[in-house]
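**Student:**
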Amino acid sequence: SHRKLEEATLAVQDYFDWTNTASLTREALALMLDRVVVQDHILVGKFLGHLIQIKQMRKEDFNSGFSQILELCPDFIVDIPKLWTHVGALLAGLLLSEAVTFKDLAEPLVVLKGSKE
(Lines of atoms letter the chains of each structure in order from A and count residues from 1; the text may use other names and numbers.)
(Lines give C-alpha, C1' and ligand atoms only; values in the text may rest on other atoms or scores of the structure.)
Protein backbone atom coordinates (compact mmCIF):
# COMPACT_ATOMS: atom_id res chain seq x y z
CA SER A 1 0.00 0.00 0.00
CA HIS A 2 1.01 3.61 -0.44
CA ARG A 3 1.24 4.16 3.32
CA LYS A 4 3.66 1.24 3.78
CA LEU A 5 5.76 2.54 0.89
CA GLU A 6 5.98 5.95 2.58
CA GLU A 7 6.89 4.36 5.93
CA ALA A 8 9.61 2.22 4.34
CA THR A 9 10.96 5.24 2.45
CA LEU A 10 11.14 7.27 5.67
CA ALA A 11 12.94 4.41 7.42
CA VAL A 12 15.55 4.30 4.65
CA GLN A 13 15.97 8.08 4.83
CA ASP A 14 16.44 7.86 8.61
CA TYR A 15 18.96 5.00 8.64
CA PHE A 16 20.88 5.24 5.38
CA ASP A 17 22.75 8.04 3.67
CA TRP A 18 24.57 8.34 0.36
CA THR A 19 27.61 6.55 1.73
CA ASN A 20 25.87 3.24 2.38
CA THR A 21 22.98 2.79 -0.07
CA ALA A 22 24.97 0.11 -1.91
CA SER A 23 25.01 -1.87 1.34
CA LEU A 24 21.24 -1.31 1.67
CA THR A 25 20.81 -2.83 -1.78
CA ARG A 26 23.08 -5.77 -0.97
CA GLU A 27 21.36 -6.53 2.34
CA ALA A 28 17.83 -6.13 0.95
CA LEU A 29 18.64 -8.47 -1.93
CA ALA A 30 20.32 -11.03 0.33
CA LEU A 31 17.24 -11.12 2.56
CA MET A 32 14.96 -11.28 -0.46
CA LEU A 33 16.63 -14.38 -1.87
CA ASP A 34 15.43 -16.48 1.06
CA ARG A 35 11.80 -15.48 0.53
CA VAL A 36 9.60 -18.02 -1.24
CA VAL A 37 6.77 -15.77 -2.45
CA VAL A 38 7.58 -14.34 -5.88
CA GLN A 39 5.41 -11.29 -5.16
CA ASP A 40 7.85 -10.37 -2.36
CA HIS A 41 10.69 -10.24 -4.87
CA ILE A 42 8.68 -8.02 -7.20
CA LEU A 43 7.85 -5.67 -4.32
CA VAL A 44 11.52 -5.40 -3.31
CA GLY A 45 12.37 -4.50 -6.92
CA LYS A 46 9.61 -1.89 -7.04
CA PHE A 47 10.74 -0.42 -3.72
CA LEU A 48 14.37 -0.15 -4.80
CA GLY A 49 13.12 1.42 -8.04
CA HIS A 50 11.09 3.90 -6.00
CA LEU A 51 14.21 4.86 -4.03
CA ILE A 52 16.04 5.48 -7.30
CA GLN A 53 13.16 7.57 -8.66
CA ILE A 54 13.01 9.83 -5.62
CA LYS A 55 16.80 10.13 -5.71
CA GLN A 56 17.26 8.45 -2.33
CA MET A 57 19.49 5.91 -4.09
CA ARG A 58 21.72 6.38 -7.10
CA LYS A 59 21.63 3.82 -9.91
CA GLU A 60 25.36 3.35 -9.42
CA ASP A 61 24.83 2.36 -5.79
CA PHE A 62 22.08 -0.07 -6.74
CA ASN A 63 24.35 -1.55 -9.41
CA SER A 64 27.18 -1.94 -6.90
CA GLY A 65 25.04 -3.80 -4.35
CA PHE A 66 23.36 -5.88 -7.06
CA SER A 67 26.75 -6.86 -8.53
CA GLN A 68 27.93 -8.01 -5.11
CA ILE A 69 24.90 -10.29 -4.76
CA LEU A 70 25.20 -11.61 -8.33
CA GLU A 71 28.81 -12.58 -7.67
CA LEU A 72 27.57 -14.84 -4.86
CA CYS A 73 24.68 -16.39 -6.80
CA PRO A 74 26.62 -19.44 -8.06
CA ASP A 75 27.30 -20.31 -4.39
CA PHE A 76 23.62 -19.82 -3.44
CA ILE A 77 22.13 -21.98 -6.20
CA VAL A 78 22.52 -25.20 -4.18
CA ASP A 79 20.62 -23.80 -1.19
CA ILE A 80 18.10 -21.75 -3.18
CA PRO A 81 17.00 -23.84 -6.19
CA LYS A 82 14.70 -21.10 -7.53
CA LEU A 83 17.39 -18.44 -7.20
CA TRP A 84 17.20 -17.24 -10.80
CA THR A 85 13.39 -17.07 -10.61
CA HIS A 86 13.79 -14.85 -7.54
CA VAL A 87 16.35 -12.62 -9.29
CA GLY A 88 14.08 -12.42 -12.35
CA ALA A 89 11.10 -11.36 -10.21
CA LEU A 90 13.24 -8.69 -8.56
CA LEU A 91 14.29 -7.39 -11.96
CA ALA A 92 10.66 -7.43 -13.12
CA GLY A 93 9.67 -5.22 -10.19
CA LEU A 94 12.59 -2.91 -10.80
CA LEU A 95 11.80 -2.58 -14.50
CA LEU A 96 8.07 -2.10 -13.78
CA SER A 97 8.97 0.85 -11.56
CA GLU A 98 10.55 2.40 -14.68
CA ALA A 99 13.47 3.62 -12.56
CA VAL A 100 15.96 1.62 -14.63
CA THR A 101 16.17 0.17 -18.10
CA PHE A 102 17.71 -3.02 -19.42
CA LYS A 103 20.66 -0.89 -20.50
CA ASP A 104 21.13 0.30 -16.89
CA LEU A 105 21.26 -3.33 -15.73
CA ALA A 106 23.96 -4.34 -18.22
CA GLU A 107 26.77 -3.28 -15.87
CA PRO A 108 25.83 -5.40 -12.83
CA LEU A 109 24.88 -8.38 -15.00
CA VAL A 110 28.40 -8.48 -16.48
CA VAL A 111 29.59 -10.37 -13.37
CA LEU A 112 27.58 -13.37 -14.57
CA LYS A 113 29.38 -13.56 -17.91
CA GLY A 114 31.98 -16.07 -16.71
CA SER A 115 29.60 -17.99 -14.47
CA LYS A 116 28.83 -21.60 -15.31
CA GLU A 117 25.42 -21.46 -13.54
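Heads up, the sequence shown is in the numbering used here, so the first residue is 12 and it goes up one at a time. Cβ atoms here follow ideal geometry from the backbone N, Cα and C, with glycine treated the same way.
1) Quick one: Cα of T112 to Cα of T32, how far?
2) Report back the beta-carbon spacing between F73 and L44 to the nearest angstrom; my notes put them in contact at under 8 angstroms.
3) Measuring CA to CA, which of A103, T96, L81 is closest to E118?
4) Going by C-alpha to C-alpha distance, which of Y26, Q79, L54 sits closest to L102?
5) From which residue to which residue does the alpha helix (DSSP H) around R46 run?
6) Which residues in the same chain have their Cβ closer than 7 angstroms to the Cβ of F77, if we skip the five residues on either side of it in sequence?
7) Identify whether R69 lies in helix, strand or coil by the three-state DSSP scheme.
8) Looking at C-alpha atoms only, which residue of L107, T30, L123 is the closest neighbour of H52?
9) If we ignore side chains and look at the alpha-carbon of each, how far apart do P92 and L42 end up?
10) Can you list, in chain order, the residues of its chain whose CB lies under 7 angstroms from that of F27, leaving out five sequence neighbours each side?
**Tutor:** A quick look at the data gives this:
1) 19 angstroms
2) Actually they are not in contact, since the Cβ atoms of F73 and L44 sit about 16 angstroms apart, beyond 8 angstroms.
3) L81
4) L54
5) R46 -> no alpha helix (DSSP H), and no H or E assigned at all.
6) T36, L40, P119
7) coil
8) L107
9) 15 angstroms
10) L35
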